[in-house]
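Heads up, the sequence shown is in the UniProt record's numbering, so the first residue is 1 and it goes up one at a time.
In this text, a Cβ means the ideal position worked out from N, Cα and C, and glycines have one as well.
Notes follow the structure.
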Amino acid sequence: MNVTFLLKKGSYLIPTLQSLFTQSSPEERSSMVVVVLLADFDDSWRVTMVREIKTAFASELEQGQLVVIHVPQEWYPPVIGLKRNYNDPPDRVSFRSKQNLDYSFLIHYSASLGQYYLQLEDDVSSAKNFLTTIRRHVGEQEAKKTTWAMLEFSALGYIGKLYKSAHLPLLARFLLLFYQEMPCDWLMSHFRELLTQKETIHFKPSLFQHMGTFSSFQGTYNKLKDKDFDEGFYTNPAAEVYCDIPTYQKHFPKQAWDAGEGFFWGRSPEKGNYMTVVFSDPTVVTGIFVETGSGGKDLLDSAQVDIGHEVVTTEKGEKSCKEFQSVGMLANGRFEMEEVERKYSSASSCLRIQVTVGQKDWVIIRKIRITTQLSAPTGQAGV
């Protein structure tokens, strides 16, 4: 995975890089190369930025996980005195045209670095394990044999846009050819359509959030935020979900476990009812988060959370675990626990939510999220 962005004066580069690396596991970091283009022509500023980057990310630079590049000014075509499409003022035309050229150079450089290319900006924060989530979504598209040119992991502009590296030489030339015509995000949308992907494929919740408060154009205030961003979003391991609470319409139990906006909605749970998640492979669970209800209604009032070992098949033909250990109780419809492995260090095969007191109210289980202990990387790999 090739993660790239431009660096401009007044950027939030260091926090952005810290977010990218700290929100990634060692295995994920070994699978990505972050490329930063120093886009300003001020020599003294670039020297200062390089010094700061070396100080903060010496290890990432040494391991090849971070690459910093610059394009000489003489390589750029004119960005002054261009035609004023959309009646934009000349300074905005120059700004957006140079930005298109910056991206063209960055994309051209990055074309051979990985299998996929993720476009970011220098003022974003990342969701936990964003790379694993992207891998899973790409795998889903491939399994469905979807023809795609761009997957979107943020609703904002050109943040969080994923491309196949095989398309990058074309995209770089496309931006160079039409650099003075329109803003970069518009050009990227046209490029997607030219590659026969007519509709956007937008993944929710978003994996990247705009953290800056000032626009790189004239330093104006910018409060742009992605309403679909969920910083605490985790990628759950593959699993099957079983539940004996009567399901309402198409709000199936698996939707509480899977990524996305779906949720489980069930009728009046009784004591002993359960939702059991059976992992495809034994997993060392490090964190558990369960959220129920919506707007203070349809909460699961009384339930315990268990982890289980040794998968068995029940009389109903469902998978479950032979033995369970309770890790805690829901409070106000929620459960959250970290450092689970300190008390339950062995790999688990199940996670169960079991109703302890029945209720007349219906129940919504919005999300079940876990974090897991990842093994150390064994070598470099692409997505």
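A Cβ-Cβ distance of about 7 Å is found for the pair Gln23 and Ala127, placing them in contact under the 8 Å criterion. Considering only Leu351, Ala39, Phe130, the residue with the shortest C-alpha distance to Ile288 is Leu351.
Sorting Leu131, Ser189, Tyr103, Ser112 by C-alpha distance to the C-alpha of Lys164 places Ser112 at the top. Within the region 117-204, the complete alpha helix (DSSP H) runs of at least 4 residues fall at 130-143, 168-177, 184-194. Look at the UniProt domain "MGAT4 A/B/C C-terminal" (239-366) and you find these whole runs of beta strand (DSSP E), each 3 residues long or longer: 239-243, 264-266, 274-283, 285-292, 303-313, 319-329, 334-338, 348-355. Residue pairing from DSSP places Phe208 in a beta bridge opposite Ser126. Rounded to the nearest whole angstrom, the C-alpha separation of Gly317 and Tyr242 is 11 Å. In this structure, the beta-carbon distance from Val357 to Leu300 does not fall below 8 Å. Annotated three-state conformation of Val67 is strand, per DSSP.
DSSP places Val33 inside the beta strand (DSSP E), whose first and last residues are 33-38. When secondary structure is reduced to three states using DSSP, Arg29 falls in the helix class. In the three-state reduction of the DSSP assignment, Arg92 falls in the helix class. When Ile107, Phe105, His202 are compared, the shortest CA-CA separation from Ala155 is found for His202. The beta carbon of Pro169 lies closer than 8 Å to those of His108, Ala111 in the same chain, with the five residues before and after it left out.
DSSP places Phe41 in no alpha helix (DSSP H); its state is neither H nor E. By the Cβ criterion, the region 327-338 is not in contact with the region 262-280, since fewer than three pairs of Cβ atoms, one from each stretch, lie closer than 8 Å.
Of the candidates Val34, Ala256, Pro15, Val34 places its Cα closest to the Cα of Gln63. Here Glu341 is near Val285, since their CB atoms are less than 8 Å apart. About 5 Å separates the Cβ atoms of Gln119 and Lys161, confirming a contact at the 8 Å cut-off. Ile80 sits in coil when the DSSP states are folded into three classes, being neither helix nor strand. If you draw a straight line from the Cα of Tyr76 to the Cα of Ala39, it is about 11 Å long. For Tyr179, the closest C-alpha among the options Ala56, Asp281, Met32, Arg84 is that of Arg84. For Thr372, DSSP records a beta bridge to Val285. For Lys319, the number of other beta carbons within 10 angstroms of its own is at least 16, and it is reported as buried.
Val311 and Ser349 have their alpha carbons spaced roughly 7 Å apart. If you draw a 10 Å sphere on the C-beta of Glu52, you find fewer than 16 other C-beta atoms in it, and that means exposed. Phe21: member of the alpha helix (DSSP H) spanning 13-22, first to last residue. The criterion of a C-beta distance shorter than 8 Å is satisfied by Tyr274 and Gln354. Taking each of Ser326, Phe130, Arg96 in turn and checking the Cα distance to Pro26, the smallest one comes out for Phe130.
Of the other Cβ atoms in all chains shown, 16 or more fall within 10 Å of the Cβ of Glu152; this residue is therefore buried.
Beyond the five residues adjoining it in sequence on each side, Phe21 comes within less than 7 Å, by CB distance, of Arg29, Glu60 in the same chain, given in chain order.
The C-alpha of Phe57 is placed about 8 Å away from the C-alpha of Leu66. Excluding residues up to 5 positions away in sequence, Val278, Lys319 lie with their Cβ nearer than 7 Å to the Cβ of Glu240 in the same chain.
Rounded to whole angstroms, the Cβ separation of Pro237 and Thr283 is 6 Å, and the two are in contact under 8 Å.
Counting along the chain, Ala58 sits inside the alpha helix (DSSP H) bounded by residues 58-62.
With contacts defined by Cβ atoms closer than 8 Å, Lys204 and Glu261 form a contacting pair.
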